[in-house]
């Protein structure tokens, strides 16, 4: 332990800062007629600043598009070159969104305005703001403390450290962007291997309970909300446990970021409480001061937001255009038809086509099945949550991190998650509603 800091001071830092971090990320409070975590309230207040969405979104997209060309990083790899060029589409799209000009089809509420107002601005606001408070979660011993208790669960089931339990909770009470922010930060610090970070990012970084309420309301089963929430959570985690053992995640190298030695969690014998406190105090004593930590985290979060903004705007909009104006997903839907057919899901072809649209945007599968039987609506509602990977937000967010995932990985894992979710959820739905 650092001699410059006494045990009592380090313990105080751990307890006070961790409790503050838990409050900001995990405790829902009622404010301004809305019940959500304090961090979300902060973001809501920021977005009430006059013209904030328009100015912030426009500036962030323009800078985000230009930076790779200014820095010369756009040509370092073929994939970076491809997406740097694709991201240029973000400029006309964001101009259409802010100034409400352009083709009427693109200005419909579920197209460019949706991507800009419901995805780009909220996500790129919560990432740097969340980064400010992230210091209290990851830097002063909380993750290590929880890791001691959760290791016997997380390692054998998900093949990830105990500390990754924090990621799982963050996604359900906050959002996938918060969970990815935590995952990327912890991976870069050498506390996750590339394989662990990839499993966590593609397995736990799902939507929040707030989004699930929107899905349940749209599909008209809010009277079954508690069942829907818990089935979605359980199915998401079961699918994650399975995909962690399948290609491509099973083949990811267990190496730490840029060859670091890594901070490996250790099995604990004897009192877990004592060991958890000791490791938390050790981490807290060696952590930087709050202001220094907040500054570093904020700058990292801002850089991540700059990376995300153009991808969210460009790829998200292009994905919605493909989904709405081409028959591609009518064709893609046939890859899930055998799964909906074998499980005897009512209206199997329609359900399969709807679920194929989840790769574009999580919410899209809900619309086509609104009039179908409850079992079908319930299964599609669970898939909206458990599939995790979609091009309007989560995939561009992951691409903006350092987590070692390739484009083909996203498609393969998405297919595995949707197929497994159908196979696991349908019997449960029949058992409950059949």
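In my numbering, the protein residues as written are 3 to 436. Note that the Cβ used here is the ideal one computed from N, Cα and C, for glycine as well.
Between residue 341 and residue 358 the beta-carbon gap is near 11 Å, outside 8 Å, which marks them as no contact. In this structure, DSSP gives residue 103 a state outside helix and strand, which the three-state scheme calls coil. According to the DSSP assignment, residue 302 belongs to the alpha helix (DSSP H) that extends over 292-327. By alpha-carbon distance to residue 306, the top candidate from 29, 9 and 132 is 132. DSSP places residue 197 outside any beta strand (DSSP E); the residue lies instead in the alpha helix (DSSP H), whose first and last residues are 196-206. Ranked by Cα distance from residue 95, the options 311, 365 and 44 are led by 311.
If you ignore the 5 residues before and after residue 15, its C-beta comes within less than 6 Å of the C-beta of 142 and 286, all in its own chain and listed in chain order. Cβ atoms of residue 202 and residue 194 come within 8 Å of each other, at about 7 Å.
In this structure, the alpha-carbon of residue 421 lies about 45 Å from that of residue 292. Counting along the chain, residue 79 sits inside no beta strand (DSSP E), nor does DSSP assign it H or E at all. Here residue 303 is buried. Its C-beta has 16 or more other C-beta atoms within 10 Å. Residue 32 has 37 as its beta-bridge partners, per DSSP.
Inter-residue distance for residue 288 and residue 169 is about 23 Å (C-alpha atoms, whole angstroms). With contacts defined as CB atoms closer than 9 Å, residue 81 and residue 409 qualify as a contacting pair. Under the DSSP assignment, residue 276 falls in the alpha helix (DSSP H) whose first and last residues are 274-288.
For the options 364, 435, 403 and 381, the alpha carbon positioned closest to that of residue 416 is the one of 364.
Take residue 262, set aside five residues on each side of it, and the residues of its chain with a beta-carbon closer than 7 Å to its own are 192, in chain order.
Residue 402 and residue 309 have their C-alpha atoms roughly 5 Å apart. Only exposed fits residue 84, as fewer than 16 other CB atoms lie within 10 angstroms of its CB.
The stretch 424-434 and the stretch 231-241 touch, with three or more beta-carbon pairs separated by less than 8 Å. For residue 153, the uninterrupted alpha helix (DSSP H) segment begins and ends at 144-160.
Around the beta carbon of residue 322, a 10 Å sphere encloses 16 or more other beta carbons of the protein chains shown; the residue is thus reported as buried. Around the C-beta of residue 276, fewer than 16 other C-beta atoms lie within 10 Å, and the residue is accordingly described as exposed. Secondary structure note for residue 269: it is in no alpha helix (DSSP H), with a DSSP letter that is neither H nor E. The three-state reading of DSSP puts residue 249 in coil, since its state is none of H, G, I, E or B. Distance from the Cα of residue 412 is smallest, within the candidate group 266, 268, 315 and 249, for 249. By the C-beta density criterion, residue 77 is exposed, having fewer than 16 other C-beta atoms within 10 angstroms. Taking the C-beta atoms as reference points, residue 166 is found nearer than 9 Å to residue 198. Boundaries of the alpha helix (DSSP H) around residue 60: 54-73.
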